[in-house]
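Single-structure report; data block below.
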Amino acid sequence: MERTFLMLKPDAVQRGLVGKIIAKLEDKGFKLVGLKLIQVDRSLAEAHYAEHKGKGFFEPTVAYIMSSPVVAMVWQGKNVVALARELMGATNPANANPGSIRGQYGMDISRNVIHGSDSVASAEREIALYFKSEELVDYTKAGEDWLSE
Ligand code: CDP
Ligand code: MG
1 MERTFLMLKP
11 DAVQRGLVGK
21 IIAKLEDKGF
31 KLVGLKLIQV
41 DRSLAEAHYA
51 EHKGKGFFEP
61 TVAYIMSSPV
71 VAMVWQGKNV
81 VALARELMGA
91 TNPANANPGS
101 IRGQYGMDIS
111 RNVIHGSDSV
121 ASAEREIALY
131 FKSEELVDYT
141 KAGEDWLSE
């Protein structure tokens with residue numbers, strides 16, 4: 001079953017949106033398999049956004065995710081990488097569908113509430129950056145047999 005890395009960014013934690021966003025992911029039917037509240041340090045922040053090194057928004061984005069605690073999570077489900085990106089909405093909340101997480105809770109690209117892996121390969125890389133394998137929990141969730149055939 002596919003897994004993705006999702007992170008509730010500092011603005012989501014500070015604005016008290018953690019429960020509301022997790023509820024949307026649970027409601028969709030995804031399974032939470034890893035979760036922790038952490039303070040991201042510079043080396044982790046730079047590794048996370050390595051693909052953007054050299055761009056104008058790299059340093060402000062690194063500073064943003066280091067600025068206050070984040071909730072790091074691994075979610076599992078059918079097609080979860082792409083579906084979580086759909087639920088999150090466009091990178092710039094100003095352009096995001098109003099029903100999406102970024103569309104509902106954000107208004108500016110520099111404070112866009114949530115991160116989600118953009119591919120299965122990115123998910124594997126990001127999960128390994130944030131979690132040790134023993135921090136991910138394999139379990140049967142009530143109702144999961146009602147989600148697909
Ligand atoms: O997060 P996502 O994959 O949707 O977008 P990205 O293009 O990979 O950019 C990573 C993050 O950098 C965004 O989520 C924003 O927090 C930040 N960013 C920004 O502040 N200004 C931009 N012009 C582009 C990205
Ligand atoms: Mg990205």
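For what it's worth, UniProt numbering labels the leading residue of the sequence shown as 1, then goes sequentially. Ideal placement from N, C-alpha and C gives every residue a C-beta, glycine not left out.
Close beta carbons around residue i, own chain, < 7 Å, minus the five adjacent residues each side
i: His-110; result: Before going further, note that residue 110 is Ser rather than His in the sequence given. Correct list, in chain order: Pro-60, Tyr-64.
i: Phe-58; result: Tyr-49, His-52
i: Val-40; result: Ile-65, Met-66, Val-70
Endpoints, the beta strand (DSSP E) within which residue i is located
i: His-115; result: 114-116
i: residue 151; result: This structure cannot speak to residue 151, because the chain is shown only from 1 to 149.
Closer than 7 Å: residue i CB and nearest ligand 2 heavy atom
i: His-108; result: The question names His, yet the displayed sequence has Asp at residue 108. No, since every heavy atom of ligand 2 falls outside the 7 Å radius drawn around the Cβ of Asp-108.
First and last residue of the uninterrupted alpha helix (DSSP H) at residue i
i: Met-73; result: No alpha helix (DSSP H) contains Met-73, which is instead part of the beta strand (DSSP E) from 70-76.
i: Leu-44; result: 42-48
i: Met-1; result: Taken as a continuous stretch (DSSP letters only), Met-1 belongs to no alpha helix (DSSP H), as it is neither H nor E.
Close-in-space but distant-in-sequence residues of the same chain around residue i (CB under 6 Å, 5 per side omitted)
i: Glu-135; result: Gly-34
Local conformation of residue i per DSSP, three classes
i: Met-7; result: strand
i: Arg-15; result: coil
i: Gly-103; result: helix
i: Ile-38; result: strand
Own chain residues within Cβ distance below 8 Å of residue i, not counting five before or after
i: Ala-90; result: Ala-96, Asn-97, Ser-100, Arg-102, Gly-103
Check: residue i C-beta below 7 Å from any heavy atom of ligand 1
i: Thr-140; result: no
i: Asp-41; result: no
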